[in-house]
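> Counting the sequence shown from 1 gives a position; our numbering is that position plus 68.
Every residue, glycine too, gets a C-beta built ideally from N, C-alpha and C.
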Amino acid sequence: FDPFDFLEGVPREGFDNLRYIELKHGRVSMLAVTGYLVTAAGIRFPGAENIPDGFKAWGALASTDDGKNVLLQMMAFFAVAEIANRDIPGTGDEHVGDF
Numbered sequence: 069f070d071p072f073d074f075l076e077g078v079p080r081e082g083f084d085n086l087r088y089i090e091l092k093h094g095r096v097s098m099l100a101v102t103g104y105l106v107t108a109a110g111i112r113f114p115g116a117e118n119i120p121d122g123f124k125a126w127g128a129l130a131s132t133d134d135g136k137n138v139l140l141q142m143m144a145f146f147a148v149a150e151i152a153n154r155d156i157p158g159t160g161d162e163h164v165g166d167f
């Protein structure tokens, strides 16, 4: 959907790539809002009880051992999610957004 013809002359592959990026960023944003609301409600994972909610968490993540463990867990989750959701050529007729 391009009502203002911003992508006029862009090949289909370029348009599909932009759509893929938009869908992925939208889904990550929805997860981020959910995580913000859950921590604001006081729900914490084991080991992260001492991490404050909201923007105060950034300082605690870098300065405490619990925070460093949480950062490590986040990075491991991101790596596994990226590997699991990558496109594998030759696995079928996939379309953009078919994660």
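1. Alpha carbon to alpha carbon, how far is L75 from D134? Give it in angstroms, no decimals.
2. Just to confirm the assignment, what range does the alpha helix (DSSP H) spanning I206 have?
3. Whole angstroms is fine: what's the gap from L105's alpha carbon to M98's?
4. I need the boundaries of the alpha helix (DSSP H) containing L86, first residue and last residue.
5. Can you tell which of F123, G110, R95, F83 has the C-alpha that lies nearest to the C-alpha of V153?
6. Determine the burial state of I151: buried for a count of at least 16 other Cβ atoms within 10 Å of its Cβ, exposed for fewer.
7. Measure the alpha-carbon distance for F145 versus K136 and round it to whole angstroms.
8. Quick one: what's got a C-beta closer than 7 Å to A128's C-beta in the same chain, skipping five residues either side?
Quick answer:
1. C-alpha separation (whole angstroms): 46 Å.
2. This structure gives no information on residue 206, because the portion of the chain shown stretches from 69 to 167.
3. Distance between the alpha carbons of L105 and M98 is about 11 Å.
4. Per DSSP, L86 belongs to the alpha helix (DSSP H) from 80-108.
5. Residue identity check: residue 153 is Asn in the sequence provided, not Val. For the residues F123, G110, R95, F83, the minimum Cα distance to N153 belongs to R95.
6. It is exposed - the Cβ of I151 has fewer than 16 other Cβ atoms within 10 Å.
7. Distance between the alpha carbons of F145 and K136 is about 14 Å.
8. Within its own chain, the residues whose Cβ lies closer than 7 Å to the Cβ of A128, once the five positions on either side in sequence are excluded, are I119, P120, G135, listed in chain order.
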